[in-house]
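Read in the working numbering, the sequence shown has 215 at position 230, and its numbers run on one by one without any break. Contents: one structure, followed by commentary.
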Amino acid sequence: MSEIDVAAVKAYLLDLQDRICAALETQEPQARFGEDTWDNAKGGGGRTRAIEGGEVLEKGGVNFSHVFGTNLPASATANRPQLAGRGFQALGVSLVIHPRNPHVPTSHANVRFFIAEKEGEEPVWWFGGGFDLTPYYGIREDVVHWHQTAHDLCVPFGEDVYPRFKKWCDEYFHLKHRNEPRGIGGLFYDDLNEWGFDKTFEFMRAVGDGYIDAYLPIVERRKAMPYGERERDFQAYRRGRYVEFNLVFDRGTLFGLQSGVGRTESILMSLPPEVKWRYNWHPEPGTPEAVLYDVYLKPTDWLSR
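What follows is the structure, given as structure tokens:
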């Protein structure tokens, strides 16, 4: 078995955070990411990078955290009783970008590593993460590009990897109480250790590096598209679905809030700045808003259409 190198994972994640922030700032004429480092007396800390009020990037955060402790929350041990009584470390980069222009999708990415250790026993470890896209107005060119990038980074790891993790993403980012997807998906994986440490760490790097290749061209193409109050209103309505998912279902959010070693401000930076809810509202048939529901918010093999 290859040796587990937590220091190498941490070094990569800190560099990834730097590179993603620098790449996103190339699209933003005025605002810049501010940095906030934090420590948790219970174990660990992190480096939060946040941006607000930009001409292109209305709100966003690119967070690094490295937390550790002696007792895992019930959300982590419920289905993994072998983790009980182990000390743990969890480190990763998690980001959410909410652009101002409704024609630029919201994007999310996360890459993380978890290890739980106990003296005299083999460590339990895995990698997790992925990236997904939440458009407000569907543009097929962007959706195909997003999924093509995801497909291509998976190819060196096996022909089954993209369809497997694409399906997992479609199933994970699904609002069960609404019976609708959060967006058009991408990649999602968790508890991944079947390839050994070295290869799985290589895959994590491919996903982390692939995010900016997938997202930046979409921002460049759509950031100057015209929009009005109607589009902003619909964007705020759909952002409500994003909030519902993150607060009700997202494993990372729940782990961070329940573990006692996360930082609430950093965890909740993923929430958009303006959101609306309406009672029992549906878009008028044939409108661009209806097309989002009728065409894009359905699990689809975008690379074969």
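Each residue gets a CB set at the ideal place from its N, CA and C atoms; glycine is no exception.
DSSP-derived helix/strand/coil call for residue i
| i | result |
| --- | --- |
| V78 | strand |
| S(-13) | coil |
| L1 | helix |
| K161 | coil |
| T238 | helix |
| D145 | coil |
| P273 | helix |
| E250 | helix |
| W153 | helix |
| W23 | strand |
| H83 | strand |
| E179 | coil |
| E107 | coil |
| E126 | helix |
| R263 | coil |
| T11 | coil |
Assumed close pair residue i, residue j - CB separation to whole angstroms, cut-off 8 Å
| i | j | result |
| --- | --- | --- |
| G115 | V192 | 6 Å |
| G168 | T119 | 3 Å |
| I82 | G45 | 4 Å |
| G31 | F53 | Going by Cβ atoms, the distance from G31 to F53 rounds to 12 Å, so no, they are not a contact pair. |
Beta-ladder partner(s) of residue i, from DSSP
| i | result |
| --- | --- |
| Y174 | G114 |
| I36 | G45 |
| R97 | G77, G113 |
| V52 | G29, A75 |
| P257 | DSSP, once it has assigned bridges, lists no residue as partnering P257. |
| S289 | Paired residues: none, contrary to the question. |
| P166 | H159 |
C-beta neighbour in chain C for residue i, strict 9 Å
| i | result |
| --- | --- |
| G114 | Absence of chain C from the displayed structure is noted, only one protein chain being present. |
| task | Report yes or no: do the segment 161 to 180 and the segment 274 to 286 share at least 3 C-beta pairs separated by less than 8 Å? | result | The answer is yes - the segment 274 to 286 touches the segment 161 to 180, with three or more Cβ pairs under 8 Å.
| query | Any chance the segment 137 to 146 sits against the segment 91 to 108, with 3 or more Cβ pairs inside 8 Å? | reply | Counting Cβ pairs under 8 Å, fewer than three are found: no touch.
| Does the segment 201 to 219 touch the segment 173 to 187, meaning 3 or more C-beta pairs lie closer than 8 Å? | By the Cβ rule, the segment 173 to 187 does not count as touching the segment 201 to 219, because fewer than three pairs are nearer than 8 Å.
| Can you find at least 3 beta carbon pairs, one from the segment 215 to 226 and one from the segment 249 to 261, that sit closer than 8 Å? | The segment 215 to 226 makes contact with the segment 249 to 261: 3 or more CB pairs, one atom from each, lie closer than 8 Å.
| Can you list, in chain order, the stretches of the alpha helix (DSSP H) that have 4 or more residues and sit fully within the segment 182 to 231? | Counting only runs of 4 or more, we get 182 to 207.
| task | Take every Cβ of the segment 29 to 43, pair it with every Cβ of the segment 12 to 20, and state whether three or more of those distances are shorter than 8 Å. | result | The segment 29 to 43 vs the segment 12 to 20: in contact.
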